[in-house]
Amino acid sequence: MNIHEYQGKQILKSFGVNVQEGIVADTPEQAVEAAKQLKIDYNSDWVVIKAQIHAGGRGKGGGVKLAKNLEEVKQRATDIIGMQLVTPQTGPEGKLVSKILVAQDVYYPGASETKEFYISVLLDRAKGRNIIMYSTEGGMDIEEVAEHTPHLIFKEEIDPKVGLQGFQARKVAFNLGVSGNAFKEMVKFVTALYKAYEATDSSMFEINPVLKTSDDKVIAVDAKVNLDENALFRHPDYAAMRDVTEEDPMEVEASASNLNFVNLDGNVGCMVNGAGLAMATMDIIKLAGGEPANFLDVGGTANAQTVKAAFNIILKDPNVKAILINIFGGIVRCDRVAQGVIDAYKEIGNIPVPIICRLQGTNAEEAKKLIDESGLQVYSAIALKEAADLVTKVLAEQA
Ligand code: GDP
Ligand code: MN
Numbered sequence: 070m071n072i073h074e075y076q077g078k079q080i081l082k083s084f085g086v087n088v089q090e091g092i093v094a095d096t097p098e099q100a101v102e103a104a105k106q107l108k109i110d111y112n113s114d115w116v117v118i119k120a121q122i123h124a125g126g127r128g129k130g131g132g133v134k135l136a137k138n139l140e141e142v143k144q145r146a147t148d149i150i151g152m153q154l155v156t157p158q159t160g161p162e163g164k165l166v167s168k169i170l171v172a173q174d175v176y177y178p179g180a181s182e183t184k185e186f187y188i189s190v191l192l193d194r195a196k197g198r199n200i201i202m203y204s205t206e207g208g209m210d211i212e213e214v215a216e217h218t219p220h221l222i223f224k225e226e227i228d229p230k231v232g233l234q235g236f237q238a239r240k241v242a243f244n245l246g247v248s249g250n251a252f253k254e255m256v257k258f259v260t261a262l263y264k265a266y267e268a269t270d271s272s273m274f275e276i277n278p279v280l281k282t283s284d285d286k287v288i289a290v291d292a293k294v295n296l297d298e299n300a301l302f303r304h305p306d307y308a309a310m311r312d313v314t315e316e317d318p319m320e321v322e323a324s325a326s327n328l329n330f331v332n333l334d335g336n337v338g339c340m341v342n343g344a345g346l347a348m349a350t351m352d353i354i355k356l357a358g359g360e361p362a363n364f365l366d367v368g369g370t371a372n373a374q375t376v377k378a379a380f381n382i383i384l385k386d387p388n389v390k391a392i393l394i395n396i397f398g399g400i401v402r403c404d405r406v407a408q409g410v411i412d413a414y415k416e417i418g419n420i421p422v423p424i425i426c427r428l429q430g431t432n433a434e435e436a437k438k439l440i441d442e443s444g445l446q447v448y449s450a451i452a453l454k455e456a457a458d459l460v461t462k463v464l465a466e467q468a
């Protein structure tokens, strides 16, 4: 689960990671109040206004702006709240900004240079270990660095038996080229960051930039935090940070019905039990000349209720031209699923697209009979090839 920058920073701070201080606001008036609370001395310091959306690249898209006084805070806040922010990560339609973070500008001049670093903690699936990935080339172009100068990105593997060792945190600070107090600060930062990552059951922390300030503090200026959804039951306070307005509405509805659903761009909706079979079904749809409109795993116990919920979600997608139901009756009996399909169909009423229903396994013959005799616009199939041919046929009829 993704959370906003301001929420990520709250979590980091609670684990002793230094962050750029800020206050979240929904309106320009709140932004001005927030800026007053930050007690900025505008003779020397500025305020930064940052759009809160679940996407990076905000700086490039115009979602991060400086303000030199309260007047400008109000102006920038008015500009950013309500804007449709387009960044390299949002897609061309952009994302609506409804919250901003009003933060203290930490790029103030001082005794030494400011410097932006990149530090992330994530699971390296190939190694089966957490790693700390870091680079001296932090800031807005880390993707370019990864592509053109990958040798400038370092990795530190963490042994799960012993956790992050002191020498490893020092190695990170050393490789980042900081010295003196900044070195000590960096070691503290990395240590606290890793502790936070483990304790929160996160799947990724990406801090870009980590800033060394001109007075040698080390702070998180940005925070991209991804929490492992499977562990959220252990963290009700983090679960409450979920912002469903940032997520695909179809996927939100699906997760409320306990369906594993991913929205895709194609024209054939699919309803399958089991993730493996769902993947295979998507392949079959492609083979039949269609494109899957979604990935949907209804789980082990498909009944009329789950089938109905799944229909409702698939039918929300205007691109869907046909629905392929592919259910294997192992634990669940095919005739019960067939009855579920028929009941759901009758309850929803007029389903405007053809349905191809392939039920295989226990009582498959009975299931086919039920569907064939239902008088509904449902094509039944037992073999997978038959189902694929039916998909090709109904798509051709509509072309
Ligand atoms: P992202 O573009 O979505 O990754 O958002 P970031 O939080 O990383 O901000 C983008 C860029 O804005 C950073 O790389 C900084 O260069 C700049 N920025 C962020 N906070 C401040 C600040 O307090 N002062 C100044 N001068 N620049 C900032
Ligand atoms: Mn960033």
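According to the numbering used here, the sequence shown holds residues 70 to 468 in order.
Note that the Cβ used here is the ideal one computed from N, Cα and C, for glycine as well.
Provide the residue span of the beta strand (DSSP E) that contains residue i, from first to last.
| i | result |
| --- | --- |
| Pro-278 | 271-281 |
| Met-348 | Segment 344-356 is the alpha helix (DSSP H) holding Met-348; no beta strand (DSSP E) there. |
| Gln-173 | 169-173 |
| Gly-338 | 337-341 |
Whole angstroms are fine: how far does the CA of residue j sit from the CA of residue i?
| i | j | result |
| --- | --- | --- |
| Leu-365 | Leu-191 | 27 Å |
| Ala-103 | Gly-179 | 25 Å |
| Asp-352 | Val-259 | 44 Å |
| Leu-346 | Asn-71 | 28 Å |
| Val-410 | Ile-417 | 10 Å |
| Ala-215 | Phe-302 | 35 Å |
| Gly-235 | Gly-128 | 34 Å |
| Gly-131 | Leu-154 | 8 Å |
| Ala-289 | Asn-327 | 36 Å |
| Met-348 | Met-255 | 44 Å |
| Pro-161 | Asp-317 | 16 Å |
| Ser-113 | Ala-136 | 12 Å |
| Ala-268 | Thr-350 | 38 Å |
| Asp-210 | Gln-89 | 20 Å |
| Asn-332 | Gly-359 | 15 Å |
| Val-371 | Gly-77 | A quick correction: the sequence has Ala, not Val, at residue 371. Straight-line Cα distance between these residues: approximately 37 Å. |
Between residue i and the ligand MN, is there a pair consisting of the residue's CB and a ligand heavy atom that are separated by less than 8 Å?
| i | result |
| --- | --- |
| Met-273 | no |
| Asn-277 | yes |
| Gly-128 | yes |
| Asp-291 | yes |
Where does the unbroken alpha helix (DSSP H) through residue i begin, and where does it stop?
| i | result |
| --- | --- |
| Phe-380 | 373-384 |
| Tyr-263 | 250-268 |
| Val-117 | First-last for Val-117: 116-120, but that is the beta strand (DSSP E), not the alpha helix (DSSP H). |
| Phe-236 | 235-244 |
| Lys-82 | 74-83 |
| Met-319 | 318-325 |
| Ile-411 | 403-417 |
| Lys-129 | 127-130 |
Return yes when at least one heavy atom of the ligand GDP lies under 8 Å from the C-beta of residue i, else no.
| i | result |
| --- | --- |
| Met-209 | yes |
| Gly-125 | yes |
| Tyr-111 | no |
| Val-142 | no |
| Asp-312 | no |
Examine chain C for any beta-carbon lying closer than 9 Å to the beta-carbon of residue i, and answer yes or no.
| i | result |
| --- | --- |
| Ser-272 | In the structure shown, chain C does not exist; there is a single protein chain. |
Is the beta carbon of residue i sitting closer than 9 Å to the one on residue j?
| i | j | result |
| --- | --- | --- |
| Pro-278 | Tyr-187 | yes |
| Leu-384 | Pro-361 | no |
| Ala-323 | Ala-379 | yes |
| Asn-381 | Cys-339 | no |
| Gly-399 | Thr-431 | yes |
| Leu-439 | Asp-386 | no |
| Gly-249 | Asp-285 | yes |
| Val-241 | Phe-223 | yes |
| Gln-106 | Lys-168 | no |
| Val-231 | Lys-257 | no |
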